[in-house]
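So the structure is just underneath, and the comments pick up after that.
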Amino acid sequence: MAENINCGGFVFYNNFDSANLAKVELIRVPEIFNIAICENESRSCKSLSSDETSDYEFNLWTKYDCHGTEYQNNNRTWFYFGVKACSPGICVRFNIINLNKQVRMFSQGMCPVYKIIPGQLHWERIHDKPTYKVDQTSSDFTLSFTYYTPENQKAITYFAFTYPFSYTDLQNYLKKIDIKMAKRFITSTDDIYYHRECAIKSLEGRRLDVLTISSYHNILSVREDRLKNMFPEKYEERPFKFLDKKVVFISARVHPGETPSSFVLNGFLKFLLNQEDQIALHLRRMYVFKLIPMLNPDGVAKGHYRMDTKGVNLNRMYLSPSEHEHPTIYAARNLIRYYHNSYNVIEENLPLKVESACIKNQNNIRMKEIQQHLHTNVISNTPTRLIQRVKLLTLNERAKPESEANYECMFTTHSLDNTCCGEGQELSNNAHEYQDILKTKYYTDKAPFRISESNNFSKSSTESGLYLYIDLHGHASKKGVFMYGNHFTDPEETITCMLLPKLMSINNPNFHFTSCNFAERNMYLIDKRDGMSREGSGRVAVYKMTGLIRSYTLECNYNSGRLVNIVPARIRDGISKTINHLYVPPKYTPTVFEAVGAALGPSILDLTNNNPNSRLPNSQYRSLKGVRSYLKLTQMNSLSTSCNKSAYKRKSRHRSVNNHISGS
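Note that the sequence shown ends on residue 664 in the UniProt record's numbering; no numbers are left out.
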């Protein structure tokens, strides 16, 4: 960890997680030292107007990604440091002089953030716009801003490029959740199933945390496999498997400086762990959620903007990650393949026929394993009556006709004995009828992941054990919150891909559907910064590996958006409920980003018309069918416009050739 920097009587703090200050230089000191203390405490971080002069002025240099190593590169947008002043109430000007060129972002009103410890515990944007200039010879970007030192001389003022969320912040946040979840009383199949584990260690030994969240519906007494070269913490057990519940896989912070992605994931996590919310309850009943909160923990801890500690953009490594060079992406990719293949462990690069045979064989082994575990103590520390009731509920649900498969009857839970239990209590499995339930679930025509008689395992999106993949990011130039999806030639697949982003614009005021991109070019674009193709990104690689249509990148601008959506009322709120509507896009904050994450919940349920409190009936589209019809019409208009442009270009070229011939 770097040492603190003393300069001009000030102490610059640089020895904490995500800090990255490289050098400080004093360039101005006050002529008179007994400066009056500022009367108004609210001016503690107010900028001066252009005609005012600061008392102290410093030039600051932020660290490059991989600063001082053989992997040093030109990414230097992120900054984060603390300052303790020599006197209260004085005006200080900072010039951060070696940043990447970010004219567009700061010209649109982007401001750094600050907090004061002790005093102001929450981050805020500095009150006035900073100034900036570009060195035409070196292209270095200088960002300048001023602040008044706090009255408490022991206070430290922290500044950052945008709202920070460090590796330490994540570990503290997850520990609080662990403690809260450990105190639960499990009394129903609708209670939250929560599991945290370390999938692999990063290059510098930090945890790659994976969270599993679902309900106890369709839970098996068999744990997930310990995949090769993964799960180094031997004392941590793997989560239990589930039957007939597809996986929703969401990850964040592959690029360390893109902190909005952490707040989006936190918002979704809070929503999923809400025991009272009916939408969250239905999500847990239907799906298993796998969340990776921080894909690049080393880069985050080092204060990098984009790269890992070897100067690698990890979001270009998904096609063929190395266990030793890119361990976190290696682990994420292995997990994605494992859930895609419905908990089957398949060797890499097998031919399709061999892979299908492997899956068939492993499913047979898996069936025997499940039957064997029915007679052993697998789910430790869970009362027998609860698990037996889970099994009976599963049987009852399976026996109901499709016509009764609404949420009220299909997921009815019965009162259970008020017994305290956790994930690790002892269970004696002697329920032979569950073997019949499992066979029914594996071999019935209604089972979505059945083993077919032909022994062919389809890798199509519908047969995948995955339902949805989203990688969360921040964005510097393009305004708003939006998604990138993959390109499809089939119109129905295109509409299927566009559906979730469109639903997000109905459920969240700051989501920009018109900014979403589904172009083929956006799947293979070469990055100017590192010369690598987006084909290796999570979004594209997951589609190529699994055929999953719903594979996305979600992007959040650091600063603000272009527009605000009118969000219709929910069904149970009534159409007459007044909705406060902002016509001017707000400055984005962690609260705004968390609301984006929370909006993913109802949007996922809207995809299948299973949202018990949907906004769709009160929207202009009236129903999911109406949204699909709108997208179909949009797609047809887009194709028509594209064809017209192509025809116009052909005619223009034809006229040009004719004119040239006639002229000659």
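By construction, the Cβ of each residue, glycine as well, lies at the ideal position given by its N, Cα and C atoms.
In three-state DSSP terms, what is T77? Coil at T77, not helix or strand.
- Does DSSP classify G424 as helix, strand or coil? Summary for G424: the model assigns pLDDT 37, below 50, so the residue's position carries little reliability; its value from the coordinates is reported in the next sentence. Three-state result, G424: coil.
Inset, instruction - Identify, in the order they occur along the chain, each residue of the same chain with its Cβ nearer than 6 Å to the Cβ of L291, setting aside the five sequence neighbours on each side. - result: If you ignore the 5 residues before and after L291, its C-beta comes within less than 6 Å of the C-beta of L211 and I250, all in its own chain and listed in chain order.
Expressed to the nearest angstrom, what Euclidean distance is found between the alpha-carbon atoms of I179 and R196? The straight-line gap from Cα to Cα measures roughly 12 Å.
Does DSSP put V11 in a helix, in a strand, or in coil?
Under the three-state reduction of DSSP, V11 is assigned to strand.
Helix, strand or coil: which one does DSSP assign to residue 678?
Residue 678 cannot be examined here, being either before or after the span of the chain that is shown, 1 to 664.
So, with DSSP's three-state summary, where would you put E323?
It is coil, neither helix nor strand.
ask   = What are the complete beta strand (DSSP E) segments, minimum 3 residues, inside the segment 135-218?
value = Runs of the beta strand (DSSP E) inside the segment 135-218: 141-148, 156-160, 192-201 and 207-215.
*M545 and R316 closer than 7 Å at C-beta*: No, Cβ-Cβ distance for M545 and R316 is not below 7 Å.
**Q.** Option nearest A19 by Cα separation, candidates Y621, V29, W78 and N59
**A.** Comparing Cα positions, the closest option is W78.
Near R622, what residues of its chain come up, given a Cβ to Cβ distance below 8 Å and the 5 sequence neighbours on each side ignored? Hits under 8 Å: L616.
Output the boundary residues of the beta strand (DSSP E) element that contains R316. Per DSSP, R316 lies in no beta strand (DSSP E) segment and is marked neither H nor E.
Q: Could you please give me the residues that DSSP links to S533 through a beta bridge?
A: Per the DSSP secondary-structure output, S533 pairs in a beta bridge with I526.
For Y583, count neighbouring C-beta atoms within 10 Å of its own C-beta (all shown protein chains included) and say buried if the count is 16 or more, exposed if not. Counting other Cβ atoms within 10 Å of its Cβ, Y583 stays below 16 and is therefore classed as exposed.
*Which one or two residues does DSSP pair with M286 in a beta bridge?*
Residue pairing of M286 in beta bridges, as defined by DSSP: absent, with no partner found.
Original post:
Are the beta-carbon atoms of C149 and P88 separated by less than 7 Å?
Top reply: Looking at the sequence shown, residue 149 is not Cys but Thr. Yes, the Cβ-Cβ distance between T149 and P88 is below 7 Å.
7 Å CB neighbourhood of H122 in its chain, flanking five on each side removed: Within the same chain, H122 has close Cβ partners K115.
Which of the three DSSP states, helix, strand or coil, is assigned to N6? Strand, per DSSP.
Looking at the secondary structure, which residues open and close the beta strand (DSSP E) in which residue 665 lies? It is not possible to answer for residue 665, since the shown part of the chain is limited to 1 through 664.
Next on the checklist: Looking at the secondary structure, which residues open and close the alpha helix (DSSP H) in which S603 lies?
Outcome noted: Counting along the chain, the alpha helix (DSSP H) containing S603 begins and ends at P590 to D606.
| query | When you compare only the Cα positions, how much space is there between K234 and A199? | reply | Answer to the nearest angstrom: the Cα atoms are 11 Å apart.
> For residue 666, which residues does DSSP report across the bridge?
Replying inline: Residue numbering for the chain in the displayed model covers 1 to 664; residue 666 lies beyond these limits and cannot be assessed.
message = Can you give me the C-alpha to C-alpha distance between T462 and Y469, rounded to a whole angstrom?
response = Distance between the alpha carbons of T462 and Y469: 14 Å.
Which residue from P501, L227 and S215 puts its Cα closest to that of V247?
-> The shortest CA-to-CA distance from V247 to any of P501, L227 and S215 is the one to S215.
For a quick check, are the C-beta atoms of P327 and D209 less than 7 Å apart? In terms of Cβ geometry, P327 and D209 do not form a close pair [threshold 7 Å].
Practice task
Would you mind stating whether K84 and V24 have Cβ atoms separated by less than 7 Å?
Solution key: Going by C-beta atoms, K84 is not nearer than 7 Å to V24.
Between the alpha carbons of I156 and P118, how many angstroms are there, rounded? So the alpha carbons of these two residues sit roughly 7 Å apart.
Q. So N266 is in the alpha helix (DSSP H); what residue range does that whole segment cover?
A. Element bounds for N266: P260 to L272.
Check for me: the alpha helix (DSSP H) holding Y543 runs from which residue to which? Annotation for Y543: the continuous alpha helix (DSSP H) segment containing it runs G538 to T546.
V254 versus T608 - alpha carbon distance: Their backbone Cα atoms lie some 30 Å apart in a straight line.
Integer Cβ distance of P612 from H217, believed to fall under 8 Å
Between the beta-carbon of P612 and that of H217 there is about 16 Å, and that puts the pair past the 8 Å contact cut.
Practice task
Could you have a look at F513 and say whether DSSP puts it in helix, strand or coil?
Solution key: For F513, the three-state secondary structure derived from DSSP is helix.
Y330 to H340 span [Cα, whole Å]: Rounded to the nearest angstrom, the two C-alpha atoms are 15 Å apart.
- Task: Go ahead and pull the three-state DSSP assignment for Q108.
- Result: It is coil, neither helix nor strand.
Checklist entry - Looking at C-beta atoms only, is the number of pairs between the segment 305-320 and the segment 168-187 that lie closer than 8 Å three or more? => result No, they do not touch.
Anticipated Cβ contact below 8 Å, M523 with N565, distance rounded: Cβ atoms of M523 and N565 stay farther apart than 8 Å, at about 27 Å.
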